[in-house]
Amino acid sequence: MADVCLVNALFPPDKHGGAENYVLRTAHGLQQRGYDVAVVTSKPYDGLDSLRPTRETYDGVPVWRFYPANLSHLSNSTGDNVLEKTVWRGIDLVNVHASTAVGRVLDRLDPAVVHTNNLFGISTLVGRAVQRRDIRHVHTLHDYGLVCPKSNLLRDLTAPDDERVVCENPPLPCRAYARQRRATLGTPDLVTAPSQHVVDVHREHGFFRGVDARRVRLGVDGVVDEPPPIADERSVLYVGQQLEAKGLETFFAAADRLPDVTFHACGTGPYADRTEEAAAKRANLEYHGFVSEETLAELRETAAAAIVPSIWMENSPMTIYESYAVGLPVIGSDIGGIPELIDVGETGYLFEPKDVGGLVAAIERLFDADRAALQRNALRWAREHTMAAHVDRLVDEVYAL
Numbered sequence: 008m009a010d011v012c013l014v015n016a017l018f019p020p021d022k023h024g025g026a027e028n029y030v031l032r033t034a035h036g037l038q039q040r041g042y043d044v045a046v047v048t049s050k051p052y053d054g055l056d057s058l059r060p061t062r063e064t065y066d067g068v069p070v071w072r073f074y075p076a077n078l079s080h081l082s083n084s085t086g087d088n089v090l091e092k093t094v095w096r097g098i099d100l101v102n103v104h105a106s107t108a109v110g111r112v113l114d115r116l117d118p119a120v121v122h123t124n125n126l127f128g129i130s131t132l133v134g135r136a137v138q139r140r141d142i143r144h145v146h147t148l149h150d151y152g153l154v155c156p157k158s159n160l161l162r163d164l165t166a167p168d169d170e171r172v173v174c175e176n177p178p179l180p181c182r183a184y185a186r187q188r189r190a191t192l193g194t195p196d197l198v199t200a201p202s203q204h205v206v207d208v209h210r211e212h213g214f215f216r217g218v219d220a221r222r223v224r225l226g227v228d229g230v231v232d233e234p235p236p237i238a239d240e241r242s243v244l245y246v247g248q249q250l251e252a253k254g255l256e257t258f259f260a261a262a263d264r265l266p267d268v269t270f271h272a273c274g275t276g277p278y279a280d281r282t283e284e285a286a287a288k289r290a291n292l293e294y295h296g297f298v299s300e301e302t303l304a305e306l307r308e309t310a311a312a313a314i315v316p317s318i319w320m321e322n323s324p325m326t327i328y329e330s331y332a333v334g335l336p337v338i339g340s341d342i343g344g345i346p347e348l349i350d351v352g353e354t355g356y357l358f359e360p361k362d363v364g365g366l367v368a369a370i371e372r373l374f375d376a377d378r379a380a381l382q383r384n385a386l387r388w389a390r391e392h393t394m395a396a397h398v399d400r401l402v403d404e405v406y407a408l
């Protein structure tokens, strides 16, 4: 019998995203406390045998993998055109094979708790499989995938002038999509999310009525003992995927207005070419692409602040946790779950999304502030939100083990 079974559509080494890393870190934390843990996830098609769950070990964690019968595996895209994507999503929504496969693993493991995470790609119908077995079911929201087909609640093609804006009134197809996800997921015993904002958005869309849904912040490792000395260089740092939704255009425009401040950007993604182009035109904008942990640590030591300029309603960005862990204050967009992480004037500052002037003013305000106090406050926050503390809360309050 397992104590906890963690379910996520993807898992390393197939992908190292936010939810995947969270599941791995949670599994390790539970193992360190002596709990028997297993992960159930998907894998790409590799013959008929891949349709049946098989056990392996990844980084010391028992993992059950199988291919959820569909047109393709999530890691290989959901189709090349609108028709293929529509069919793929339809199968994923009510993937009886996936639900049955997960159910068979649960019958074998007989866990006390099943903790589901991102189910897009392994089917939200898995939730029903858990509930039929009368196992305590905890579900964690990592994004808006249950209410938005794109998972980010951003409109572009249907927005004025094709501008990316927050989707406050979803079109009929998206509302139908959310109703279907709500029906197939069923009713977990408890729902968690790293931000209260994400919980509230799901409730507004009719999810989890009558269900205990609460904020459980994430946790961070590697908290330093002391913040670094204040650097002479006036620089700020963006760390994250290169995506338009991350608000990089606001970051670039702020660099134009603050020529005496160096703007560093790290990360890869579809917007990388645009970032390279912007850096080539600005002497004070440096694009580093993918960087090693050592280089990232050096950049964080010399930067005055981390910049999180997102224009989409982020859940609870780990880059903020990681910045605080080294005593780095954060300047972030006042949107989504970001303001829940920033104590204005204590650990950083906020500005309105897309407001270049607001970002510039926040950066100038930070340089005029007591930066050593900001560093100490950021580090204090990180010490209160370690991964160890997060797992302790899961065990005591969420799983009730």
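Quick note on this note's numbering: the sequence shown kicks off at 8 and runs consecutively. For glycine and all other residues, C-beta sits at the position ideal for the given N, C-alpha and C.
Quick check on residue 180: does DSSP put it in helix, strand or coil? helix
So for residue 298, helix, strand or coil by DSSP? coil
Through-space distance from residue 310 to residue 383, alpha-carbon basis: 15 Å
Considering only the alpha carbon of each residue, which of 214, 385 and 173 lies closest to residue 361? 173
heavy atom of the ligand PLP below 7 Å from residue 21 C-beta: Among the ligands in the structure shown, none appear at all, so the ligand PLP cannot be discussed.
Terminal residues of the alpha helix (DSSP H) in which residue 282 lies: 279-287
Work out the CA separation of residue 54 and residue 245 for me, nearest whole Å. 43 Å
Determine whether the beta carbon atoms of residue 195 and residue 130 lie at a separation below 8 Å. no
To the nearest whole angstrom, what separates the beta carbons of residue 121 and residue 137, a pair I think is in contact under 8 Å? 5 Å
Jot down the residue ranges of each uninterrupted alpha helix (DSSP H) in the segment 201-284, minimum 4 residues, whole runs only, in chain order. 203-211 and 255-264
Quick test of your reading: residue 315 and residue 298, contact by CB under 8 Å. State the CB separation rounded to the nearest angstrom. Contact flag wrong, Cβ pair sits at about 17 Å.
Look up residue 194 in the DSSP assignment and give the residues it is bridged to. In the DSSP output, where bridge partners are listed per residue, residue 194 has none listed.
Opposite residue 73 in the DSSP bridges: which residues? 49
Below 8 Å between beta carbons: does that hold for residue 269 and residue 242? yes
My assumption, with CB atoms under 8 Å, is that residue 329 sits in contact with residue 227. Please give the rounded CB distance. 6 Å
Please state if the CB of residue 223 and the CB of residue 11 are separated by a distance shorter than 8 Å. no
Measure the alpha-carbon distance for residue 401 versus residue 290 and round it to whole angstroms. 47 Å
Taking all protein chains shown into account, do 16 or more other C-beta atoms lie within 10 angstroms of the C-beta of residue 20, making it buried, or fewer, making it exposed? exposed
Going along the chain, which unbroken runs of the alpha helix (DSSP H) with 4 or more residues stay wholly within the segment 303-356? 325-332
Express the C-alpha separation of residue 119 and residue 318 in angstroms, rounding to a whole number. 40 Å
Pairs of beta-carbons, one from the segment 182-191 and one from the segment 97-111, closer than 8 Å: are there three or more? yes
Where residue 63 falls, given that 16 or more other Cβ within 10 Å makes a residue buried: exposed
Starting from the Cα of residue 284, find the closest Cα among 266, 365, 66 and 259 and give me that residue. 259
Please list the terminal residues of the continuous beta strand (DSSP E) segment that includes residue 2. The structure shown has nothing for residue 2, since the chain only spans 8 to 408.
Using 10 angstroms around the beta-carbon of residue 216, count the other beta-carbons present and answer buried if the total reaches 16, otherwise exposed. exposed
Can you tell me whether residue 166 is buried or exposed, with buried defined as 16 or more other CB within 10 angstroms of its CB? Summary for residue 166: the model assigns pLDDT 48, below 50, so the residue's position carries little reliability, and this model does not support an answer.
Residue range of the alpha helix (DSSP H) that residue 144 falls in? Note, residue 144: premise wrong, no alpha helix (DSSP H); beta strand (DSSP E) at 143-147.
Alpha carbons only, please: which of 15, 65 and 86 is nearest the one belonging to residue 35? 65
Please state if the CB of residue 72 and the CB of residue 106 are separated by a distance shorter than 8 Å. no
Beta-carbon proximity list for residue 273, same chain, < 6 Å, skipping 5 on both sides: 246, 295 and 298
Determine which residues share a DSSP beta bridge with residue 12 and list them. 45 and 121
Is residue 199 helix, strand or coil when you go by DSSP? strand
Can you tell me the Cβ-Cβ gap for residue 363 and residue 264, rounded? I've got them flagged as a contact below 8 Å. 7 Å
Span separating the alpha-carbon of residue 275 from that of residue 300: 14 Å
What residues match up with residue 68 in a beta bridge as DSSP calls it? 65
Determine the direct distance from the alpha carbon of residue 31 to that of residue 69, and round the result to whole angstroms. 11 Å
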